[in-house]
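Just so you know, we're using full-length UniProt numbering here: the sequence shown kicks off at 1 and counts up by one. Where a beta carbon is used, it is the ideal one built from N, C-alpha and C, also for glycine. For reference, the structure is listed below as structure tokens.
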Amino acid sequence: MAILILGVLLWALPHLAKRIVPGFHRNLKGAERPMVAGLVLVGVLLMVVGYRSADGAFFWGRTAPLVGINNLLMLASIYLFAAAGMQTAVARKMRHPMLSAMILWAVAHLLVNGDVPSFVLFGGLGLWAVLEMVLINRAKPGWIPPKPVPAKKEAMAAVGALVVYGAIAGVHYALGYPAFG
């Protein structure tokens, strides 16, 4: 479990450093990018290894209705990631589409994984996203929505979300975690 917790911290802390210690990034003059990327990458690896090896109490499991809700939330989450990157209409209405996607992702996974390692992984990353939103809103209270994009980008985001959703489902199956049923 310690490896999993360390992985979540190595994801969250480098992301939060910019908000918690604003001058830190300015003083490094761009040198922080490789350091942050390295810490985050190590964090992701530790999360994967830690989650797969962690044990903990089990409270609930997958049921057909929860899997269905999970899949809908995941599709919405992936679309929000795409919308954030392509600045679609949804991204113009939401200040934090990518962080909102992360929260949806975490909730979706907690619905079908009711064990302590899942609480640490998915709950920890969901809490990180909420904290990040709060800190961003506090640091920069004003928000200007992005400019409109062509309808072609709206369609590309929707199609891209479906393709990525299928790829993620395939990876889950390959790892032994069936995404459907």
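Cβ pair residue i, residue j closer than 7 angstroms
| i | j | result |
| --- | --- | --- |
| residue 7 | residue 43 | yes |
| residue 129 | residue 168 | no |
| residue 41 | residue 112 | no |
| residue 135 | residue 33 | no |
| residue 36 | residue 22 | no |
Simplified DSSP state of residue i, which is helix, strand or coil
| i | result |
| --- | --- |
| residue 68 | helix |
| residue 114 | strand |
| residue 11 | helix |
| residue 105 | helix |
| residue 122 | helix |
| residue 128 | helix |
| residue 180 | coil |
Residue environment, residue i, which counts as buried when at least 16 other CB atoms sit within 10 Å
| i | result |
| --- | --- |
| residue 177 | exposed |
| residue 122 | buried |
| residue 175 | exposed |
| residue 101 | buried |
| residue 12 | buried |
| residue 45 | exposed |
Close beta carbons around residue i, own chain, < 7 angstroms, minus the five adjacent residues each side
| i | result |
| --- | --- |
| residue 118 | 109, 110 |
| residue 54 | 1, 4, 117 |
| residue 95 | 143 |
Same chain only: Cβ atoms within 6 angstroms of residue i, ignoring 5 sequence neighbours per side
| i | result |
| --- | --- |
| residue 51 | 4, 117, 121 |
| residue 160 | 82 |
| residue 84 | 91, 97, 98 |
| residue 179 | 169, 172 |
| residue 133 | 96, 99 |
Residues near residue i in its chain [Cβ-Cβ closer than 8 angstroms; skip 5 each side]
| i | result |
| --- | --- |
| residue 158 | 79, 82 |
Discussion item. Under 8 angstroms: do the segment 46-62 and the segment 131-146 share three or more Cβ pairs, one atom per stretch?
Written reply: Verdict: no, contact absent.
Worksheet item: Do three or more CB pairs link the segment 78-88 to the segment 161-177 at distances below 8 angstroms?
Response: yes
Worksheet item: Does the segment 106-123 touch the segment 67-74, meaning 3 or more C-beta pairs lie closer than 8 angstroms?
Response: yes
Worksheet item: Three or more beta-carbon pairs under 8 angstroms between the segment 81-90 and the segment 144-159, yes or no?
Response: yes
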